[in-house]
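I have placed the structure first, in the form of structure tokens, so that the comments after it can refer back to it.
Protein chains: 2
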Amino acid sequence: MKVTKLKDIAQLLGISVTTVSKALKDYPDISEETKQNVRVLAEKLNYKPSSLAVNFRNKETKILGLIIPEIVHYFFSNVIDGIINEAEKMGYLVITLQSNESFELEQKQIELLLDQRVDGIIISLSNQTKTFDHLKKVIRQETPMVIIDRITDEINCSKVIIDDEKAAYQAVEHLIKIGCKRIVHINGPLIPKNSMDRLIGYKKALADYNIPYDDSLVYSCEQFHYQDGIDAANQALKDHNDIDGIFAITDLLATGAMTALKNHGKRIPEDVSVIGFSNWRLSELITPSLSTVEQPNFEMGKQAVSLLLNEIKARKEEKMIENFLVKLPTKLIERASTKPTVKANPS
Amino acid sequence: MKVTKLKDIAQLLGISVTTVSKALKDYPDISEETKQNVRVLAEKLNYKPSSLAVNFRNKETKILGLIIPEIVHYFFSNVIDGIINEAEKMGYLVITLQSNESFELEQKQIELLLDQRVDGIIISLSNQTKTFDHLKKVIRQETPMVIIDRITDEINCSKVIIDDEKAAYQAVEHLIKIGCKRIVHINGPLIPKNSMDRLIGYKKALADYNIPYDDSLVYSCEQFHYQDGIDAANQALKDHNDIDGIFAITDLLATGAMTALKNHGKRIPEDVSVIGFSNWRLSELITPSLSTVEQPNFEMGKQAVSLLLNEIKARKEEKMIENFLVKLPTKLIERASTKPTVKANPS
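Keeping their order, the protein sequence lines are chains A and B. The numbering of the first sequence is UniProt numbering, which starts it at 1 and goes up by one. The numbering of the second sequence is UniProt numbering, which starts it at 1 and goes up by one.
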């Protein structure tokens, strides 16, 4: 792959290299039109500035910026743990910000981190983020960035995700293997990508085991609260009298679903098996304990820092910047809320 | 109260003001003996440097440092939430570090934050912290500091705590009011102060209701894990056949205790009432749901930032620095694990 240089953009637009450089840095003496043209072309050609420009622009601060949707959250607090620990080991401190699932706050926080001249940014997108100008600005300003968990295809940079599709597949396959045929799927809003990928995994597992997909078995919650799980399962029990399995997109929704099942006199797992997603701390403490899919959350944080520091280093050494997509594997955890897997007798 | 000045220290020791100033700033040309004398006296007189020196020393970074024992922890993640939100509202960013309950790491992290020239530090002490030279250095270097939740009397600065004694009193009083007489107390290591204060609250409630204190009913766990709660309650059931209430120092220990009670065929709350401490998310999800004491964790973070920023401002304006001890009130939450409070009939 040919590396795009400032010169290439300048030639294609018929302007000087200096003008291109100034346009990308948002200098006031360049017209908005020119800036726009330069940006569009830079984006299209996947232009990555050389480290010389970066070194010229600012000195290292040894500080990384982190924007996370929620801190009081078992998954994300583990991710933060992984990030902070790895960063500190490598000599970096981390400024943590919480977007509270607000697109507006996320935009503002990107500005704060750029103003602070952090050496790099790690971000997990808010539920509300559907446009990406603020992230394009990070790329344009030549600040290394890694997006984790809640990602988008619209931005070219390294990303770390859980293999959501495969994880959902594992969970549903487990339900099928213990004999479930009418499996309810309780999920959340299909933006960002995670919910969608888990739905795809659900469908794929059904297809591979010749169980017809029935979209009346899929319930989408607007939030991920305990009560949403109760409501979804209540509705499912009202709509169908033959359900024998529930795959919920989070452990908290699964816990709510279990409460609804109990209130309807359904035995877990004898009548309905339930499996969640995330392996929260509560999952082994509730009765019956909840089968789930464990996500490598600490590892995700660690990998994100490692990718970010590699990019910071590559830029310093004027090496080409490569973008990676790291998909971390998950682990099925069987507990009392699903029937035990039938094991073949040794012969 | 008279404000101590550099001059006072110089006069008392019979050395020059410059020597005192240099000693406090750890200049290499001052002897260790002189430094030691100056430090001891400065400490004794509660010397607080004027803001002029501070302004001279460094410019504002608009960054605060935060050291917390554990991030993946319901209480602390809520505290962090409060701190980050309040700081951001006031125009400050927060570098978060996790001591992992390690004294060694905590010392190193204080150095990192001082090197980074943060405008102020908020810290909650690790379980292992029994000496305080690293914190004395922060005071000496004139960096504003607030200690939260896990505090010490050995350092003069503002502090924010939960009123642990009163909270424990509330919990035990609740058990007494519903008829419990043989109340087990499951606690943790008595350092830092929190466990000790809760034990005092336990004793005080018993005394006020004329129930003799029996130290064979107090079980101290080395850790705060689920299994520790199980072990402590198992031991209590082995030692005593008449217990009718358990007050555990955390919800997770209480949850473990409930599991042990169930395994022994004890009904909750008919045979034994159980109350926890913290109101974790899991507490309303387990069966029976757990009565507990709610701590104002988010509020604690908010108050800490507010105190810290007030001190930063006071120093800038060369005003006198006052130290505050803020005790935040808690709230009793009655759920199914304790018998309902008997209400007098309206007459």
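C-beta atoms are modelled at their ideal positions from N, C-alpha and C, and glycine is treated no differently. What you are looking at is a predicted structure, and each value in this text was computed from that prediction instead of being measured.
Proximity of asparagine 78/A to chain B, defined by a Cβ-Cβ separation below 8 Å, is satisfied. Asparagine 100/A sits in coil when the DSSP states are folded into three classes, being neither helix nor strand. Any Cβ of chain B closer than 8 Å to the Cβ of asparagine 323/A would place that residue at the interface, and such an atom is absent.
Look at isoleucine 30/B here: in three-state DSSP terms it is coil, with no helix or strand label.
Cβ-Cβ separation between leucine 45/B and threonine 4/B: approximately 4 Å, consistent with a contact (criterion under 8 Å). The contact set of tyrosine 226/A on chain B, defined by CB atoms closer than 9 Å, consists of Arg281, Glu284, Leu285 in chain order.
Of the candidates Glu142/B, Ala207/B, Ile162/B, Val79/B, Glu142/B places its Cα closest to the Cα of alanine 314/B.
Relative to isoleucine 139/B, the option among Gly120/B, Ile30/B, Ser126/B, Ile148/B whose CA is nearest is Gly120/B.
Against chain A, the beta carbon of glutamine 98/B has neighbours under 8 Å at Asp81, Ile84, Asn85, listed in chain order. Taking a contact to require three or more Cβ pairs closer than 8 Å, the region 305-319 of chain A and the region 261-279 of chain A do not qualify as touching. In the structure shown, glutamate 70/B falls within a coil segment according to DSSP collapsed to helix, strand and coil. Closer than 8 Å to the CB of leucine 135/A there is not a single CB belonging to chain B.
Counting only the Cα atoms, valine 40/A lies some 10 Å from leucine 24/A. In the DSSP annotation of this structure, the continuous segment of the alpha helix (DSSP H) that includes histidine 174/B starts and ends at 164-177. Check the Cα spacing between isoleucine 321/A and each of Thr330/A, Asp164/A, Leu309/A: the tightest is with Leu309/A. Look at valine 79/B here: in three-state DSSP terms it is helix.
Excluding the 5 residues flanking it on each side, serine 158/A has same chain C-beta neighbours closer than 7 Å at Val146, Leu307, Glu311, Asn323, Phe324, in chain order. When the five nearest sequence neighbours on each side are left out, the beta carbons in the same chain lying within less than 7 Å of the beta carbon of glutamine 107/A are those of His134, in order along the chain. Counting only Cβ-Cβ distances below 7 Å, glutamine 116/A has contacts in chain B at Leu93, in chain order. Within chain A, no residue has its CB atom less than 8 Å from the CB of leucine 309/B, the nearest being about 17 Å off.
Here tyrosine 213/A carries a coil assignment [DSSP, helix/strand/coil].
Taking a Cβ-Cβ threshold of 7 Å, the residues of chain B close to leucine 112/A are Leu93, in chain order.
Close to glutamate 101/A, with beta-carbon spacing below 8 Å, lies no residue of chain B; the smallest spacing is near 13 Å. The C-beta distance from isoleucine 68/A to threonine 34/A rounds to 36 Å, too long to fall under 8 Å, and the pair is not in contact. By the Cβ rule, the region 110-120 of chain A does not count as touching the region 117-132 of chain B, because fewer than three pairs are nearer than 8 Å. Around the beta carbon of alanine 232/A, a 10 Å sphere encloses 16 or more other beta carbons of the protein chains shown; the residue is thus reported as buried. Excluding five sequence positions before and after glycine 65/B, the CB atoms of its chain that fall closer than 6 Å to its own CB belong to Ile95, Leu113, Val118, Ile121, given in chain order.
Taking a contact as a CB-CB distance under 8 Å, the pair glycine 188/B and isoleucine 249/B counts as one, their CB atoms being some 6 Å apart. The beta carbon of isoleucine 71/B falls within 8 Å of a beta carbon belonging to chain A, placing the residue at that interface. Residue environment analysis places asparagine 241/B among the exposed positions, since fewer than 16 neighbouring C-beta atoms fall within 10 angstroms of its C-beta. For the region 241-269 of chain B, the set of residues with a beta-carbon nearer than 7 Å to any beta-carbon of chain A comprises Thr255, in chain order.
Serine 291/B and tyrosine 169/B have their C-alpha atoms spaced approximately 14 Å apart. For glutamate 60/A, there are no neighbours in chain B by C-beta distance under 8 Å, as the nearest C-beta there is about 13 Å away. Taking the CA atoms as reference points, arginine 281/B sits about 32 Å from aspartate 215/A.
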